[in-house]
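Novice: Chains as they are written, first to last, in the numbering used here: chain V, 1 to 66; chain F, 67 to 132. C-beta atoms are modelled at their ideal positions from N, C-alpha and C, and glycine is treated no differently. Keep in mind it's a predicted model, so treat the numbers as computed, not measured. Questions regarding the structure given below will be posed in turn.
2 protein chains.
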Amino acid sequence: MLNNIRVHRAIKNITQAELAELINVSRQTINTIESGKYVPSTILSLKIAKVFGVAVEQLFVLEDID
Amino acid sequence: MLNNIRVHRAIKNITQAELAELINVSRQTINTIESGKYVPSTILSLKIAKVFGVAVEQLFVLEDID
DNA sequence: AAAAAATGTAAAACAAACTTGACAAATAAA
DNA sequence: TTTATTTGTCAAGTTTGTTTTACATTTTTT
Numbered sequence: 001m002l003n004n005i006r007v008h009r010a011i012k013n014i015t016q017a018e019l020a021e022l023i024n025v026s027r028q029t030i031n032t033i034e035s036g037k038y039v040p041s042t043i044l045s046l047k048i049a050k051v052f053g054v055a056v057e058q059l060f061v062l063e064d065i066d
Numbered sequence: 067m068l069n070n071i072r073v074h075r076a077i078k079n080i081t082q083a084e085l086a087e088l089i090n091v092s093r094q095t096i097n098t099i100e101s102g103k104y105v106p107s108t109i110l111s112l113k114i115a116k117v118f119g120v121a122v123e124q125l126f127v128l129e130d131i132d
């Protein structure tokens with residue numbers, strides 16, 4: 001599972017803390033998601049995608065083949 | 067959080083068990099997601115959306131205002 | 001180069017998602 | 001109207017996501 005949060009944060013020029021605040025989660029949640037430690041819930045994915053104005057599919061990409 | 071899984075299942079004419087098998091989860095997982103008991107992980111959302119050929123946003127809709 | 005801001009990381013605790021197994025209720029088919 | 005298929009639900013257990021607190025490291029600004 002890959003994600004492009006860092007890229008979209010860069011495009012919008014906001015910090016992890018700012019993104020966290022926008023969707024009401026802790027900064028560590030953003031940090032750990034962004035660094036691929038875990039995949040967020042669908043609710044968070046939708047909220048993050050909404051902030052960036054993109055589809056969930058553009059932010060999170062399935063990679064494992066099963 | 068609303069979802070349209072049942073509708074898309076109807077369109078594709080597949081059972082809960084068949085959908086479950088397609089994405090390698092238990093039938094109960096599909097059943098409970100479909101009936102709104104909990105929201106799936108982003109990984110499952112992406113897989114389900116892929117099966118139906120729609121975006122995650124078309125399948126799961128945020129409704130609570132925060 | 002020093003100070004400030006941003007990011008990485010870790011542990012403990014809790015919440016939410018998911019599984020299995022098993023059975024009841026409803027719907028469809030024979 | 002009996003049988004088969006599909007769907008609903010419950011409980012217990014495991015795994016994964018999320019929070020909080022706290023500190024270390026890296027990057028940016030002055």
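May I ask which residues mark the beginning and end of the alpha helix (DSSP H) holding K47/V?
Specialist: Your numbering for residue 47/V matches position 47 in the first sequence. 42 to 52 is the extent of the alpha helix (DSSP H) around K47/V.
Novice: Would you mind reading off the limits of the alpha helix (DSSP H) that contains E84/F?
Specialist: Here residue 84/F is taken as the residue at index 18 of the second sequence, counted from 1. Looking at the DSSP string, the run of the alpha helix (DSSP H) that includes E84/F is 82 to 88.
Novice: Helix, strand or coil for L69/V, going by three-state DSSP, please let me know.
Specialist: The structure shown has nothing for residue 69/V, since chain V only spans 1 to 66.
Novice: Who are N3/V's beta bridge partners in DSSP?
Specialist: Taking the first residue of the first sequence as position 1, residue 3/V is located at position 3. N3/V pairs with F60/V.
Novice: If we count the other Cβ atoms within 10 Å of its Cβ and call it buried at 16 or more, is L125/F buried or exposed?
Specialist: Indexing the second sequence from 1 puts residue 125/F at position 59. It counts as buried.
Novice: Tell me the rounded alpha-carbon separation between Q16/V and V7/V.
Specialist: For the purposes of this step, residue 16/V is taken as the residue at position 16 of the first sequence. For the purposes of this step, residue 7/V is taken as the residue at position 7 of the first sequence. When rounded, the distance between both Cα atoms is 12 Å.
Novice: Using a C-beta to C-beta distance shorter than 8 Å, which residues of chain F count as neighbours of V39/V?
Specialist: Along the first sequence, read from residue 1 onward, the residue named residue 39/V stands at position 39. Chain F residues near V39/V: S107, T108, I109.
Novice: What are the boundary residues of the alpha helix (DSSP H) that includes N79/F?
Specialist: As a first step, residue 79/F is located in the second sequence; it is residue number 13 there, counting from the start. It is not in any alpha helix (DSSP H) - N79/F carries neither H nor E in the DSSP assignment.
Novice: Report all residues from its chain with a CB closer than 7 Å to the CB of Y104/F; omit the five preceding and five following residues, and keep chain order.
Specialist: Stepping through the second sequence from its first residue, residue 104/F is reached at position 38. Closer than 7 Å at Cβ, skipping near neighbours: T98.
Novice: Ignore the nearest five residues each way along the sequence and tell me which others in Q219/F's own chain have a CB closer than 6 Å to its CB.
Specialist: This structure cannot settle anything about residue 219/F, because the visible part of chain F is limited to 67 through 132.
Novice: Measure the C-alpha to C-alpha separation of V120/F and L2/V and round it to an integer number of angstroms.
Specialist: Residue numbering aside, residue 120/F sits at position 54 when the second sequence is read from its first letter. Residue numbering aside, residue 2/V sits at position 2 when the first sequence is read from its first letter. Looking at the two C-alpha atoms, the distance is approximately 20 Å.
Novice: Thinking C-alpha only, which one of L44/V, L62/V, V61/V, E57/V is nearest E21/V?
Specialist: As a working note, residue 21/V is residue 21 in the first sequence. Nearest C-alpha to E21/V: L44/V.
Novice: When Cβ atoms are compared, which residues of the stretch 117 to 129 of chain F fall closer than 7 Å to chain V?
Specialist: Listed by position, the residues of the stretch 117 to 129 of chain F near chain V (Cβ gap below 7 Å) are A121, V122, E123, F126, L128.
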